[in-house]
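Participant: The structure is given below, and queries will be raised subsequently.
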Amino acid sequence: MAQAYPKQFKRIWSPVRQQAADSFLILMIAAFALTVILVRLFLQLSGYPQVGNATFHIAHLLWGGLLLFVALVALLTWANHWVLWFAAVAGGIGVGLFIDEVGKFITESNDYFFPLAFPIIYAFLLICVWLYLRVRRATPRDTRTLLYHALEDLKQVLDNDLDPFEHQELVSELTQVIDQAQNPNEKKLAKALLAFVKAEDVRLAKRPNVIERVWVWIKFISAQWPARRAFRWLLTVGFALAGISVVFQIGALLAYTSGLLRGIQLPEFVIVSGKEQYVVNDPALLLVYQIANVVTGLLMAATAVLLSIGKEQRGLRLGTLALALSLTVVNLLTFYFSQLYAIGAALSHFALLLAAMIYRWRFFSNR
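If you're matching positions, the sequence shown starts at 4 in my numbering and goes up one per residue.
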């Protein structure tokens, strides 16, 4: 008598997004950006020391490659949930150390200080942020994805790392699968897992870990403080300070365009990058840079005015647009002309953008 085999189905190859993919990405991006900033500041303050001798030079690109290798090996070797967090941090640091030396690989002279290097690094950072935003917006909740997430969460049960909040989320995911699944195998698996998860002897972590508690505390503080009026004036002052430079930028733009129209030979713009100096003779590039500064400065000044007269939603929309232009266009050009100044400007504008987003979340998210 022939043996009966179970019915076979076509394999499913479609990828499933990690449950905390956006968190892993933002952690990697933060580690990458912070690494580049700290490396550049350290080299600037220490006089650009070299590790090696007259023959060898151990570039930090090698350490970056090593960290990327370690992150990949960890992902391929261990199945624990914490490995994903480790790989995000190690990979981000590795990317930062690796890409920081891009100037050596786009010039024949292996010029680390080449002015175009930092705009390339910053452009790559912007691409990573765009990818993060895309991943964050795409939140599939089909039953197959929910089961993947549930199975991933069950790893924390084995490590005694599943806290009560995560346990509640796991129960909710499995319940959704049972209610929505069309595939009988998915429904059976979800029922079996839910019975296990709801068992009284399931071990849960007593409370979230230190990092999770700090994050909850930060969210609590940002949701309660400062009061709305004080917060609005802080934003007004922030946008006013960001836009006050427009007065000087307009004067510089008028002088520059006047000189161009009259055919006057304008002085060369000298870029100081590390130990090297570079001369910029492209009037079109300088003109675009001046115009971009004026436009964003005017938008930020207008935002400060709107906030001061109580037009909050309109002002926040305009301010968000101004900061987005500044962080994507203006700072990209600023990094070409002045690296350290651009780092400070980018960090301050990002902090202002984050504050504006928190304000909208606190006072307008339910409207």
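All C-beta atoms in this analysis are idealised placements derived from N, C-alpha and C, irrespective of residue type, glycine included.
Shortest alpha-carbon distance to residue 247 belongs to which of 106, 229, 201 and 303?
Facilitator: 303
Participant: Within a Cβ cutoff of 6 Å, which residues of the same chain sit near residue 54, ignoring the five residues on either side of it in sequence?
Facilitator: 61
Participant: What do you reckon, are the CB atoms on residue 169 and residue 179 nearer than 8 Å?
Facilitator: no
Participant: For residue 326, count neighbouring Cβ atoms within 10 angstroms of its own Cβ and tell me buried if that reaches 16, exposed if not.
Facilitator: buried
Participant: Helix, strand or coil for residue 60, going by three-state DSSP, please let me know.
Facilitator: strand
Participant: Which of helix, strand or coil does DSSP assign to residue 170?
Facilitator: helix
Participant: Report the residue ranges of all alpha helix (DSSP H) runs contained in full by the region 12-82; include only those spanning at least 4 residues, in chain order.
Facilitator: Complete alpha helix (DSSP H) runs here, min 4: 24-49 and 63-80.
Participant: On the three-state DSSP scale, how would you describe residue 312?
Facilitator: coil
Participant: Quick check on residue 329: does DSSP put it in helix, strand or coil?
Facilitator: helix
Participant: Cβ of residue 335 within 7 Å of any heavy atom in the ligand SAM?
Facilitator: Ligands in the displayed structure: none, and consequently the ligand SAM is not present.
Participant: Quick check on the DSSP output: the alpha helix (DSSP H) that includes residue 352 runs from which residue to which?
Facilitator: 342-367
Participant: What do you reckon, are the CB atoms on residue 38 and residue 99 nearer than 8 Å?
Facilitator: yes
Participant: Should the region 18-37 be called in touch with the region 129-139, which here means at least 3 C-beta pairs below 8 Å?
Facilitator: yes
Participant: Assuming residue 245 and residue 355 make a contact with CB atoms under 8 Å, what is their CB distance in whole Å?
Facilitator: 6 Å
Participant: Give the straight-line distance between the Cα atoms of residue 78 and residue 91, rounded to the nearest whole angstrom.
Facilitator: 10 Å
Participant: So residue 338 and residue 51 are supposed to be a Cβ contact under 8 Å. How far apart are they, rounded?
Facilitator: So it is not a contact: roughly 19 Å between Cβ atoms.
Participant: Could you check if residue 306 is buried or exposed, using at least 16 other CB atoms within 10 Å of its CB as the buried criterion?
Facilitator: buried
Participant: With residue 229 as the anchor, note down where its alpha helix (DSSP H) starts and where it stops.
Facilitator: No alpha helix (DSSP H) holds residue 229; DSSP gives it neither H nor E.
Participant: Closest to residue 359 by C-alpha separation, out of 171, 287, 225 and 202, would be which residue?
Facilitator: 225
Participant: Where do the ends of the alpha helix (DSSP H) carrying residue 113 lie?
Facilitator: Segment: none, residue 113 is in no alpha helix (DSSP H) and carries neither H nor E.
Participant: Tell me the rounded alpha-carbon separation between residue 343 and residue 122.
Facilitator: 12 Å
Participant: For residue 120 and residue 97, which I take to be in contact (beta-carbon distance under 8 Å), what is that distance rounded to the nearest angstrom?
Facilitator: Wrong, their Cβ atoms sit about 18 Å apart, outside the cutoff.
Participant: Is the beta carbon of residue 174 less than 8 Å from the beta carbon of residue 192?
Facilitator: Their beta carbons are not under 8 Å apart, which means residue 174 does not touch residue 192 by this criterion.
Participant: If distances are taken between C-alpha atoms only, which option among 84, 16 and 80 comes closest to residue 24?
Facilitator: Here the closest residue by C-alpha is 84.
Participant: Ordered along the chain, which non-local residues of its own chain (more than five positions away) have a Cβ less than 8 Å from that of residue 334?
Facilitator: 125, 345, 348, 349 and 352
Participant: If the criterion is Cβ atoms closer than 8 Å, does the pair residue 202 and residue 177 meet it?
Facilitator: no
Participant: Per DSSP, what kind of secondary structure is residue 324 in: helix, strand or coil?
Facilitator: helix
Participant: Mapping the DSSP letters down to three states, classify residue 175 as helix, strand or coil.
Facilitator: Helix, per DSSP.
Participant: Kindly indicate which residue of 234, 206 and 295 has the alpha-carbon position closest to the one of residue 166.
Facilitator: 206
Participant: Using the three-state DSSP reduction, which class does residue 152 fall into: helix, strand or coil?
Facilitator: Annotated three-state conformation of residue 152 is helix, per DSSP.
Participant: Need the endpoints of the alpha helix (DSSP H) that residue 140 sits in, please.
Facilitator: 120-140
Participant: So, are the CB atoms of residue 19 and residue 115 less than 8 Å apart?
Facilitator: no
Participant: What do you get for residue 141, buried or exposed, if any count of 16 or more other CB atoms within 10 angstroms of its CB means buried?
Facilitator: exposed
Participant: Comparing C-alpha positions only, which one of 148, 104, 73 and 76 sits nearest to residue 16?
Facilitator: 148
Participant: Out of curiosity, what's the CA-to-CA distance linking residue 234 and residue 296?
Facilitator: Each residue's Cα considered, the two are about 26 Å apart.
Participant: Identify the continuous alpha helix (DSSP H) that holds residue 90 and give its terminal residues.
Facilitator: 85-102
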